[in-house]
Every structure is written in structure tokens, then in C-alpha cells.
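Participant: Can you read through this structure? Questions will come right after.
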Amino acid sequence: MANNLNKRIKINPNDLSILKVLSHPIRMQLVIFLIERNYSNVNTMAEHFEIPQSTVSQHLTRLRERNIVNYERKGAEVYYSIDNPKVTAIIKILAD
Numbered sequence: 001m002a003n004n005l006n007k008r009i010k011i012n013p014n015d016l017s018i019l020k021v022l023s024h025p026i027r028m029q030l031v032i033f034l035i036e037r038n039y040s041n042v043n044t045m046a047e048h049f050e051i052p053q054s055t056v057s058q059h060l061t062r063l064r065e066r067n068i069v070n071y072e073r074k075g076a077e078v079y080y081s082i083d084n085p086k087v088t089a090i091i092k093i094l095a096d
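57 is the number that the UniProt record's numbering gives to position 57 of the sequence shown; each next residue is one higher, with no gaps.
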């Protein structure tokens, strides 16, 4: 049955990997936070969600591997943002 569905609806494997990465609750919350704030650094996100900085960094690495988040170094700080229209669209659909 899944094969028949895939024949009728063409789903890009990269899009499926985005959904898989976003399925983790912490990663989903980090993405929503970045969409709402436009950008943030790891310390701010760790304080906001009350989780260790190392945990935030691990999740951001997974998001970065799938091109869901971008990062920019400014001095000692690294700032993350979302610049992927598909990700923003997915979040908006799920938020309704």
C-alpha cells in the first residue's frame, strides 16, 4: 500500500528527512523559537527552555545537518536562524 501511495504522491526524500528531524519535541520547539525570534544563540535558547547548553547544541547540530537552521559566528557567539521556506511552511501548517 505504501508503494502505491508513493507512486501517486511524489515525496522528496529530503523533505521526509526534514519531517523526521522535526519529529523530536525539543528540535521542534527550537525551530518554532527561531521562527518567532528570527535568530538566537545557544545560551539564550538553553535559558529559555531550561535545558543544558550541550543539549541545545546537539539538537542544533542535527538541524544544521538537514539544512533546517543556518548559523553565523559573531565574535565568540554563534547565532542560529531559519532560512528554509519549507520548514517555515511546515511549522505554520502544524500551528493551525
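Yeah, the Cβ is synthetic: ideal placement off N, Cα and C, and Gly gets one too.
Keep in mind it's a predicted model, so treat the numbers as computed, not measured.
Have a look at GLN53, PHE49 and LEU94 and flag the residue whose alpha-carbon is nearest the alpha-carbon of VAL78.
Facilitator: When each option's Cα is compared against that of VAL78, the closest is GLN53.
Participant: Could you check the C-alpha separation between LEU60 and VAL31 for me, to the nearest Å?
Facilitator: Computed Cα separation, rounded: 9 Å.
Participant: Have a look at LEU34, ASN38, LEU63 and ILE93 and flag the residue whose alpha-carbon is nearest the alpha-carbon of PHE49.
Facilitator: It is LEU34.
Participant: Please state whether DSSP places ASN43 in a helix, a strand or coil.
Facilitator: ASN43: helix per DSSP, three-state reduction.
Participant: To the nearest angstrom, how far is it from the Cα of ASP96 to the Cα of GLN29?
Facilitator: One C-alpha to the other measures close to 15 Å.
Participant: Taking Cβ to Cβ, would you say SER57 is nearer than 8 Å to ASN70?
Facilitator: Taking 8 Å as the Cβ cut-off, SER57 and ASN70 do not qualify as a contacting pair.
Participant: Based on Cα-Cα distance, which residue from SER40, THR55 and GLU65 lies nearest to LYS20?
Facilitator: Checked all of SER40, THR55 and GLU65; the closest Cα to LYS20 is GLU65.
Participant: Among VAL42, LYS86 and LEU63, which one has its Cα closest to the Cα of LYS74?
Facilitator: Of VAL42, LYS86 and LEU63, the residue nearest in Cα terms is VAL42.
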